[in-house]
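In what follows, a structure is listed as C-alpha cells, so that the remarks can point back to it.
Chains as they are written, first to last, in this note's numbering: chain W, 315 to 429; chain F, 567 to 684.
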C-alpha cells in the first residue's frame with residue numbers, strides 16, 4: 315500500500331494496552347476537532363470529533379481530550395488491537411470567508427500494535 | 567466503504583499535461599471537499615463546494631480548478647502538471663457545510679486517486 319509519510323512519529327504498543335496519541339493544534343479560533351485513522355491504501359476514516367466547548371468526549375474504545383489552554387488534543391484508544399494499526403491524524407476546523415470550512419491536518423502518528 | 571467514489575484510481579501522465587479527477591459524494595451529501603496528500607506536505611485541504619457553490623479555498627494552486635455539478639458530483643482539474651504534483655488526491659463529502667449544532671459534519675473520504683507525473 316501507499317506510504318503516508320516516511321518520517322512519521324511512531325507509537326508502538328502491545329496488544330491489549332492503552333494507546334495515547336497526542337496532537338498540538340495551531341489556531342485558538344478553531345471550533346471543532348476531529349481524529350482520523352488512515353490505513354495503508356485507504357482514505358482517512360473518521361474516528362471521533364469534539365467541539366471547542368467541550369473538553370472530553372468518549373466513543374467506543376476511544377476518548378478524545380481537548381485542552382484549549384495549551385492547544386493540545388489527544389486520542390486515547392483502550393485495549394488496543396492489531397486492527398488499530400494505522401496512521402492517525404488530528405484535524406482542526408476553521409471557518410473560511412464564505413461560510414465555508416477548512417480542515418487543517420496534523421502530520422500524523424503511526425500506531426503499530428505488537429501481538 | 568465510505569460511499570464516496572473517485573475515478574480513476576491511478577493516473578500516470580507526463581509533465582505539462584492536464585488531467586481531470588472525478589468524485590461522486592455519498593447520497594444526500596451536499597458538500598464536497600478536495601485534499602492532496604503528498605509525502606512531504608502531508609494531507610492538505612484544497613477546496614470546498616456546497617450545493618454547487620465554492621465555499622472555502624485552501625492551498626490550491628492557480629493551475630488547479632474544481633467545480634461541483636448540479637447532480638453534486640465534483641471534478642478537480644489539474645493543468646500544466648509538474649513532477650511535484652504527484653500525490654494522492656482525496657475527495658470527501660459531508661451533509662452539512664460546517665460543524666453546525668444538530669448537523670453531522672463528519673467528512674467521509676473516498677479511496678483517492680493516485681496521480682503520478684513523469
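For every residue, glycine included, the Cβ atom is placed at its ideal position computed from N, Cα and C.
Since residue i meets chain W, which of its residues come closer than 8 Å, beta carbon to beta carbon?
i	result
residue 671 of chain F	346, 363, 407, 415
residue 592 of chain F	Per Cβ cutoff of 8 Å: no residues; residue 592 of chain F is ~12 Å from chain W at best.
residue 568 of chain F	357, 359
residue 614 of chain F	410, 414, 415, 416
residue 630 of chain F	By Cβ distance, chain W contributes nothing, its closest Cβ being about 15 Å from residue 630 of chain F, past 8 Å.
residue 635 of chain F	Simply none; closest approach about 18 Å.
Among the options, which has the Cα closest to the Cα of residue i?
i	options	result
residue 657 of chain F	F/569, F/616, F/646, F/598	F/598
residue 678 of chain F	F/646, F/641, F/665, F/647	F/641
residue 638 of chain F	F/646, F/611, F/596, F/684	F/596
residue 601 of chain F	F/583, F/584, F/623	F/623
residue 615 of chain F	F/575, F/662, F/608, F/587	F/662
residue 409 of chain W	W/341, W/322, W/325, W/324	W/341
residue 644 of chain F	F/577, F/667, F/674, F/621	F/577
residue 672 of chain F	F/634, F/659, F/584, F/683	F/659
residue 404 of chain W	W/390, W/394, W/330, W/397	W/390
residue 647 of chain F	F/575, F/619, F/583	F/583
residue 627 of chain F	F/611, F/591, F/634	F/611
residue 635 of chain F	F/625, F/621, F/617	F/617
residue 394 of chain W	W/328, W/343, W/386	W/328
residue 357 of chain W	F/619, F/603, F/621	F/603
residue 374 of chain W	W/382, W/368, W/386, W/392	W/392
residue 416 of chain W	W/330, W/331, W/348	W/348
residue 368 of chain W	W/386, W/427, W/396	W/386
Give the interface partners of residue i over in chain F, defined as CB-CB distance under 7 Å, in chain order.
i	result
residue 356 of chain W	677
Would you mind sorting residue i into buried or exposed? The rule is 16 or more other CB atoms within 10 Å of its CB.
i	result
residue 384 of chain W	exposed
residue 705 of chain F	This structure cannot settle anything about residue 705 of chain F, because the visible part of chain F is limited to 567 through 684.
residue 629 of chain F	exposed
residue 414 of chain W	buried
residue 406 of chain W	buried
residue 580 of chain F	exposed
residue 632 of chain F	buried
residue 419 of chain W	buried
residue 398 of chain W	buried
residue 429 of chain W	exposed
residue 360 of chain W	buried
residue 400 of chain W	buried
residue 591 of chain F	buried
residue 317 of chain W	Note that residue 317 of chain W scores 37 on pLDDT, short of 50, meaning its location in the model is unreliable and no value can be drawn from it.
residue 606 of chain F	exposed
residue 344 of chain W	buried
residue 352 of chain W	buried
residue 372 of chain W	exposed
residue 667 of chain F	exposed
So residue i packs on residue j, CB below 8 Å; how close in whole Å?
i	j	result
residue 350 of chain W	residue 665 of chain F	So it is not a contact: roughly 15 Å between Cβ atoms.
residue 593 of chain F	residue 674 of chain F	Actually they are not in contact, since the Cβ atoms of residue 593 of chain F and residue 674 of chain F sit about 11 Å apart, beyond 8 Å.
residue 333 of chain W	residue 322 of chain W	Incorrect: roughly 15 Å between the Cβ atoms, too far for contact.
residue 422 of chain W	residue 402 of chain W	7 Å
Mind pulling the chain F residues with CB within less than 8 Å of residue i?
i	result
residue 421 of chain W	608
residue 377 of chain W	What residue 377 of chain W touches in chain F: nothing, since even the nearest Cβ is about 18 Å away.
What in chain F is Cβ-close to residue i, meaning under 9 Å?
i	result
residue 324 of chain W	Residues of chain F passing the Cβ test: none, with the nearest at roughly 16 Å.
Residues of chain W with CB under 7 Å from residue i, in chain order?
i	result
residue 624 of chain F	416
Chain W partners of residue i, CB-CB under 9 Å?
i	result
residue 646 of chain F	Per Cβ cutoff of 9 Å: no residues; residue 646 of chain F is ~25 Å from chain W at best.
Any heavy atom of the ligand MG closer than 7 Å to the CB of residue i?
i	result
residue 426 of chain W	With respect to the ligand MG, the structure offers nothing, as it holds no ligand at all.
| said: For the pair the segment 324-341 of chain W and the segment 652-666 of chain F, tell me if three or more CB-CB distances fall below 8 Å. | reply: no
| Is it true that the segment 357-364 of chain W meets the segment 376-392 of chain W, where meeting means three or more beta-carbon pairs spaced less than 8 Å apart? | yes
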